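Chemist: The numbering of the sequence shown is my numbering, which starts it at 1 and goes up by one. Think of the CB as a built atom: it goes at the ideal place given N, C-alpha and C, for glycine as much as any other residue. Remember, predicted model here, so these are calculated numbers, not experimental data.
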Amino acid sequence: MDLDATDRAILRILMEDARTPFSEIARRIDMSSATVHDRVGRMEDAGVIEGYHAHVDPRQVGLGTSALVGFRVKQGREKEALQQLRDIEGVQEINLTTGEWDVMLRVYAEDTDALRELMFDHIAELDGFSRSQTMVILGTEYDDPVLPIREPDDED
């Protein structure tokens with residue numbers, strides 16, 4: 001789907017606050033609510049907008065420990081390992097990467113004991129597991145959910 005400047009403006013508003021009413025978006029971009037509704041619907045249908053989510057502080061729901069895990073997969077076992085990782089509670093993100101690690105995970109656990117259990121009893125037990133490195137996140141200084149959507153004129 002080709003996004004024009006209006007679509008991009010709508011996306012920026014929704015990324016800042018997904019609960020912004022269509023009437024408010026329409027007012028801010030000088031367009032009718034019905035047109036905003038239609039454009040958002042087209043972007044949802046095309047997969048540009050994948051969903052709407054509450055941004056929850058993991059610590060407030062008992063997940064006080066998070067980590068990045070570099071994960072090496074045995075050759076030929078990638079598809080199976082990736083599917084198994086999806087089923088492990090605490091694995092929040094699975095990213096395919098280049099470099100030393102085949103996969104980079106973001107995991108959450110209640111505390112370091114639960115993180116140890118997650119790593120040793122679940123992740124390290126996967127059929128495709130080769131090796132991993134866990135980096136505990138001590139704090140997150142910046143996490144911006146708003147993507148830097150550029151206007152078509154700005155793209156070089």
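For D7, would you say it is in contact with chain C, using Cβ-to-Cβ distances shorter than 8 Å as the test?
Modeler: Checking the listed chains, one finds no chain C in this structure; it contains a single protein chain.
Chemist: How should G99 be labelled, buried or exposed, when 16 other C-beta atoms within 10 angstroms of its C-beta is the threshold for buried?
Modeler: Locating residue 99 in the sequence shown gives position 99, counting from the first residue. Its Cβ having fewer than 16 others within 10 Å, G99 is exposed.
Chemist: Report buried or exposed for L138, applying the criterion of at least 16 other Cβ atoms within 10 angstroms of its Cβ.
Modeler: Working through the sequence shown from its first residue, we reach residue 138 at position 138. So L138 counts as exposed.
Chemist: How would you label S23, buried or exposed, when you count the other beta carbons within 10 angstroms and need 16 or more for buried?
Modeler: Along the sequence shown, read from residue 1 onward, the residue named residue 23 stands at position 23. It counts as exposed.
Chemist: Mind checking whether I149 and L11 have CB atoms under 8 Å apart?
Modeler: Position 149 of the sequence shown, counted from the start, is the residue given in the question as residue 149. Position 11 of the sequence shown, counted from the start, is the residue given in the question as residue 11. Cβ distance < 8 Å, so I149 and L11 count as in contact.
Chemist: What did DSSP end up calling M135 once you bin it into helix, strand or coil?
Modeler: In the sequence shown, counting from the first residue as 1, residue 135 sits at position 135. DSSP places M135 in strand when its eight states are reduced to three.
Chemist: Roughly how far, in whole angstroms, is the beta-carbon of L115 from the beta-carbon of A67, given that I think they are within contact range, below 8 Å?
Modeler: Taking the sequence shown and counting its residues from 1, the one referred to as residue 115 is at position 115. Taking the sequence shown and counting its residues from 1, the one referred to as residue 67 is at position 67. With 8 Å as the limit, L115 and A67 qualify as a contact, their Cβ atoms being about 6 Å apart.
Chemist: How about V69 and L126: are their beta carbons less than 8 Å apart?
Modeler: Residue 69 sits at position 69 when you count from the first residue of the sequence shown. Residue 126 sits at position 126 when you count from the first residue of the sequence shown. No, the Cβ-Cβ distance between V69 and L126 is not below 8 Å.
Chemist: Quick check on the burial criterion: 16 or more other C-beta atoms within 10 angstroms. Buried or exposed for Y52?
Modeler: Sequence index remark: in the sequence shown, residue 52 carries index 52 (1-based). Its Cβ having fewer than 16 others within 10 Å, Y52 is exposed.
Chemist: Please report how far the alpha carbon of L14 lies from the alpha carbon of T20, in whole angstroms.
Modeler: If you number the sequence shown from 1, residue 14 lands on position 14. If you number the sequence shown from 1, residue 20 lands on position 20. Roughly 7 Å between the two C-alpha positions.
Chemist: Helix, strand or coil: how does DSSP classify A18 here?
Modeler: Mapped onto the sequence shown, residue 18 falls at position 18. Correct three-state label for A18: coil.
Chemist: When you compare the CB positions of V107 and F71, do they come within less than 8 Å of one another, or not?
Modeler: Here residue 107 refers to the residue found at position 107 of the sequence shown. Here residue 71 refers to the residue found at position 71 of the sequence shown. No.
Chemist: On a Cα-Cα basis, can you pick out the residue from A124, R42, S130 that is closest to L3?
Modeler: Within the sequence shown, numbered from 1, the residue matching residue 3 stands at position 3. Here the closest residue by C-alpha is R42.
Chemist: Can you tell me where the alpha helix (DSSP H) holding R72 begins and where it ends?
Modeler: Within the sequence shown, residue 72 is the residue found at index 72, counting from 1. No alpha helix (DSSP H) contains R72, which is instead part of the beta strand (DSSP E) from 65-73.
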